[in-house]
Structures are given as C-alpha cells and as structure tokens.
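Structure first, commentary second.
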Amino acid sequence: MAIWTMADLHLSLGTDKPMDDFYGWRDYVRRIEESWLESVAPEDTVVIPGDFSWGIDFEHALPDFQFINSLPGKKLIMKGNHDYWWTTRTKLEKFFEENGLTTVDILHNNSVLRENTALCGTRGWVFMPNEVHDVKISAREAARLELSLADSERFPEAEKIVFLHYPPVYGNELVPNIFDVLIKHNVKKVYYGHIHGAARSIANEGEYMGINFKLVSADHLGFKLYRVK
C-alpha cells in the first residue's frame with residue numbers, strides 16, 4: 384500500500400475554466416488520469432493538498448469529484464485558496480454520501496493513519512506582518528495544523544508527514560507561527576502546492592532548518608503523482 388500526492392489539479396469538468404491555455408498545462412486532465420492509472424493501486428492513498436476543483440459550489444464541482452472517485456485509491460482532499468466549493472465537514476460528508484463518492488474524504492483538523500504514517504495538514508496561509516487580516520488567518524491555520532498534529536498523537540509509533548497548500552517557507556521568508564508548529568511536533572517531511580510557473584524557481588525543496596520540503600503542484604510534477612511512501 385503506497386501513499387501518493389499531487390496538489391493543484393485545478394479540474395474544471397463542471398465549469399468553463401480549463402487550464403489548457405496556460406503554458407505547460409495542455410491536455411492536463413488526460414495526463415493526470417494516465418499517471419494515476421499507471422501508478423495507483425486500489426489499496427493506495429492519494430493526498431490532494433488543495434486547489435482540486437474550480438467549481439464554485441457542489442453542483443459545479445460534482446463532475447470533478449466523480450472523475451477522481453472513479454480512479455483507483457482512497458483520496459484525501461484538503462482546502463486550497465481556489466476551492467470555493469469547500470464548506471463544513473458535515474455538509475461535505477453528506478455530499479459524498481448522496482453522490483456515491485465512496486473513495487473520497489477530507490483532511491481537515493484531523494489526521495489519518497496509513498502504513499504507520501500519520502497524514503496531517505491544513506491549508507496554511509501567507510504571513511504579512513502588517514496586514515491584520517492575514518495575521519488572523521495565518522494564526523487560525525497554525526491552530527488547525529496544531530489540531531491535526533495533536534490528533535496524530537493517537538498513533539505514537541507513526542511517522543508524522545504534513546501536507547499544506549501554501550508553502551510555509553518561500554525563498555528566505557517563512558510563516559513563523561506555522562513553522563513553530565512543525566518544529567514543536569518534530570515534523571521532518573512537508574509537501575506543499577500553490578506555486579506555479581516561474582515562481583517555482585525559488586520554491587524550497589530539500590532540507591531547510593531540519594525539515595525536508597517538496598513542492599508537489601501538478602505542473603511542477605509534470606502531472607505525474609509523487610510517491611510519498
């Protein structure tokens with residue numbers, strides 16, 4: 384049983400906002416599907432750290448959910464900055480049940496055990512010390528990450544792996560409160576998305592302050608799922 388990840392699928396099967404016109408994104412849905420079918424077994428888990436669908440609500444996002452539900456493996460979906468369909472866990476679980484989305488669940492304020500690995504995470508946020516709004520959201524996301532990692536203490540022998548949508552460090556700048564939570568819980572591996580195009584040139588990959596980081600946005604991976612474990 385393997386663990387895979389890919390962020391920023393940006394599916395738009397139920398709305399008219401395909402990514403094909405962007406550089407490097409042509410025919411991206413087919414490329415994602417081919418990689419998925421080649422790599423993922425039914426017993427595997429795939430973590431999608433945000434920006435999964437352009438759908439603005441359940442109705443518009445449903446074709447995207449049906450698409451990934453039809454693919455092999457169990458899927459854990461997280462919130463990104465463009466996931467406008469996202470709502471409460473109760474409403475999401477009802478939506479999954481009503482539409483037969485049996486292979487889909489969310490990673491939000493909790494942790495999930497797979498292969499003696501505790502999968503944890505949250506959306507994250509940018510840190511703008513002079514913007515009151517951003518400071519509040521960043522603090523809230525740090526609290527959500529704390530909840531997720533604290534929940535993973537149920538599995539004391541498990542390795543903790545964190546998934547975020549926003550990078551907690553970009554170039555030489557970091558999000559202090561989120562970074563503090565990672566250090567507190569001795570996290571050693573972090574996978575994140577959000578970064579595309581030329582901005583990827585200064586994205587942090589490899590070790591930084593004792594933590595190994597990996598950018599897993601779909602275009603950065605060439606639309607091939609990345610094997611975490």
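Take the sequence shown: its letters are residues 384 to 612, numbered as in my numbering.
Every residue gets a Cβ at the ideal spot worked out from N, C-alpha and C, and that includes glycine.
Quick caveat: nothing in here was measured; it's all calculated off a predicted structure.
What did DSSP end up calling F546 once you bin it into helix, strand or coil? Strand at F546.
For A424: DSSP bridge partner residues: Answer by DSSP bridge pairing: none, since A424 is not bridged.
Measure from the alpha carbon of N569 to the alpha carbon of each residue in G593, A582, N555, R583, then state which is nearest. Selected option, being the one with the closest Cα: G593.
Determine whether the beta carbon atoms of T398 and W437 lie at a separation below 8 Å. When the beta-carbon positions are compared, T398 and W437 come within less than 8 Å of each other.
C-beta atoms of G463 and D440 nearer than 8 Å: Going by C-beta atoms, G463 is not nearer than 8 Å to D440.
For P432, which of K607, G605, L598 has the nearest alpha-carbon? It is L598.
Straight-line gap, H548 to A522 (C-alpha atoms, nearest Å): Taken atom to atom, the span from the alpha-carbon of H548 to that of A522 is near 15 Å.
Would you say the stretch 450–457 touches the stretch 572–587, given that touching needs at least three Cβ pairs under 8 Å? No, they do not touch.
How long is the line joining the alpha carbons of T428 and L396, rounded to whole angstroms? Just so you know, the alpha carbons of T428 and L396 end up roughly 23 Å apart.
DSSP state of W387, grouped into three classes? It is a strand residue.
Count Cβ pairs between the stretch 600–611 and the stretch 535–543 that sit closer than 8 Å; are there 3 or more? In short, these stretches do not touch, since the Cβ pair count stays below three.
Length at least 3, wholly inside the stretch 556–593: the beta strand (DSSP E) runs in chain order: You should have 572–575, 589–591.
For A444, report the span of its alpha helix (DSSP H) as first-last. Looking at the DSSP string, the run of the alpha helix (DSSP H) that includes A444 is 441–452.
Terminal residues of the continuous beta strand (DSSP E) containing K457? For K457, the uninterrupted beta strand (DSSP E) run begins and ends at 457–460, by DSSP.
As a quick exercise: from N452, A444, K477, I451, pick the residue whose alpha carbon is nearest that of Y467. The residue among N452, A444, K477, I451 with its C-alpha nearest the C-alpha of Y467 is A444.
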